[in-house]
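In terms of our numbering, the sequence shown opens at residue -4 and continues consecutively.
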Amino acid sequence: AFWQEGGFQCGICTRGFIMTTYALLQVNKSPTREQIREGLAGNICRCGEYAKIYDSVEKAAAEMRTGAA
């Protein structure tokens, strides 16, 4: 989902966001945008790609719910 939605730019923060996304989606299969923002708050993206990162999390959540991943 991160690749498809462009949820990365330089790649430095990507691993942290992916690991945190995985942990978030283990406890909340359908997070709201605000819950995603709060859940990922400990990660910093210096490139400012937050909108794409949040889109990536939403796509990953949808894929996990439908088994499309």
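Ideal Cβ positions, reconstructed from N, Cα and C, are used throughout, including at glycine. Here the structure is a predicted model, which means the values were calculated and not measured.
When G62, G37, A56, A57 are compared, the shortest CA-CA separation from F12 is found for G37. DSSP places E44 outside both helix and strand once states are collapsed to three, so it counts as coil. Using a Cβ-Cβ distance cut-off of 8 Å, the segment -3 to 9 and the segment 19 to 35 are not in contact, since fewer than three pairs of beta carbons, one from each stretch, lie closer than that value.
Separation of M59 and I48 (C-alpha to C-alpha, rounded to the nearest whole angstrom) is 16 Å.
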